[in-house]
Each structure stands twice: as C-alpha cells, then as structure tokens.
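Data first, discussion second: the structure below is written as structure tokens.
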Amino acid sequence: MTETSNTQEKLKEIKRSFRLLMNGEASKSMREKGLDYHLNWGVAFTDLKQMAQEYGKDYSLAVELWKENIRECKILATLMMPCEEMAPDLAELWMEQTTTQEMAEMLAFNLFQHLDFAPILAFQWISHPSPYYQICGYLTLSRRIARDGAPDDRGLCELVDQAHTALADDSVAVRHAAYNCLQRLADLGDEYAKMVNSALKGTGIAF
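If you read the sequence shown in the numbering used here, its first letter stands for residue 1135, the second for the next number, and so on.
This is how it looks when you write it as structure tokens:
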C-alpha cells in the first residue's frame, strides 16, 4: 500500500469512527451558537485527543484531515500535525481557512503556540481585521508569554497598543482574548503590570 492510499484509508477509518462517538445534543448546541461546519458530530475534545494519541503525529494525515469541512477532522489536524513539519505558509493557509472561534482557539492551543515562528505570525494576526485572526493571535501570544516571558521592547509596545484597541472591539471573544493576553503580561511582575496599567489609564481596566 502506498503512503497516499494508506493516508486515505486512515482518513476513512477516522471519519467512520465519529458515528460511534457522536453527541447529538452537543452538535445541536454548537449549531445554535453559530459554529459553521459542513458536518459536526459533537464529539468531545477528550475523545478526539485520545484518538490523536492513538494515531500519532502524521503530517500527511493532518493535511488531509484539515481539508475536510468537518469539525472533528479539523480539530484532529491541529492535534496530529508535527510541529517541526509545519511551515509558515501552511500555518497562514490554515488560519485563512478558519471560520469559527472554536477552531481559532484549537489552532492556538493545540498547535501554533508550539511553533518557533508563531510569535511572528501572531503579531501580524492581532492587527488583522478578522476576529478569528485576532483571537488566535492573542491566545498564541498569551501562551508564549506564560512560557517564554515578555517579548522585546518593540513587541511589548505593539502588543499593548493593539490590545488597547481590541478591548473596545465589538466581539466579546476578541476582547476576552486581548484581556487574557494582557493579564499574562501583567503576571510577569510589577514592572509589566505598571506598564500595562499606564497604557490602559482611563479605560477603567486595571491589572
């Protein structure tokens, strides 16, 4: 069996397994909240995470999974993509094809936060007009700040400036992501908390 046919067989096997794990109530609830997928089986994230561990990291399979407009396939793609094989142009493509808040969060938490080049893209995304780009960007930066510390002086100024604007965004999810990112920054110490509070003076928000 060739690598391509093997990948396709795994894809079919994975898609068939969703029927056994489907949760109709969860699927209905997500549809009512506006999560737009061609198919949504309502499978719990814990089940998908277990499935991803069983199959292991697999670049070709992750790419094929992402192509499917099926919620569970896309989440599995974020879990199964090997970080060392994810190129910046592919990350940009996946971000461009993201159409729900849930998937923006999954990309940030499961994949993008672990990529060496992620902060570069994340700083571009927080100034993007799309709320999904901004959510993913702030969540990615938040995780990196918690793990690696603060960005350089230029990055700090850019982050605080963009987040200040985002805190007045129409999207609650964007405001929440920006707030959490600033909270991560303020948690690094008094110096950073003072800088954030100074930038937000007059907004009624303080850390």
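No residue lacks a Cβ here, since even glycine has one placed at the ideal position from N, Cα and C.
Given the structure is predicted, the values throughout are model-derived calculations rather than measurements.
In this structure, how does DSSP classify Leu1173 when only helix, strand and coil are distinguished?
Taking the first residue of the sequence shown as position 1, residue 1173 is located at position 39. Note: Leu1173 maps to strand in three-state DSSP.
> What's the C-alpha gap between Trp1175 and Glu1188?
Replying inline: Residue numbering aside, residue 1175 sits at position 41 when the sequence shown is read from its first letter. Residue numbering aside, residue 1188 sits at position 54 when the sequence shown is read from its first letter. The straight-line gap from Cα to Cα measures roughly 20 angstroms.
| field | Cβ-Cβ distance between Ser1261 and Gln1296 below 8 angstroms | value | Walking along the sequence shown from the start, residue 1261 turns up at place 127. Walking along the sequence shown from the start, residue 1296 turns up at place 162. In contact: Ser1261 and Gln1296 (Cβ atoms closer than 8 angstroms).
**Prompt:** Per DSSP, what kind of secondary structure is Ile1260 in: helix, strand or coil?
**Reply:** Residue 1260 sits at position 126 when you count from the first residue of the sequence shown. Coil, per DSSP.
Ala1186 versus Ala1333 - alpha carbon distance:
Taking the first residue of the sequence shown as 1, we reach residue 1186 at position 52. Taking the first residue of the sequence shown as 1, we reach residue 1333 at position 199. Rounded to the nearest angstrom, the two C-alpha atoms are 42 angstroms apart.
* Asked: Buried or exposed: which applies to Lys1208, given that a residue is buried once 16 or more other Cβ atoms fall within 10 Å of its Cβ?
  -> Locating residue 1208 in the sequence shown gives position 74, counting from the first residue. Its Cβ being crowded by 16 or more others within 10 Å, Lys1208 is buried.
To which residues does DSSP link Ile1204 through a beta bridge?
Reading the sequence shown from its first residue, position 70 is the one you call residue 1204. Bridge partners of Ile1204: Leu1173.
Sort His1310, Gly1336, Ala1340, Arg1309 by Cα distance to Asp1324 and report the nearest one. As a working mapping, residue 1324 is identified with position 190 in the sequence shown. Nearest option by C-alpha distance: Ala1340.
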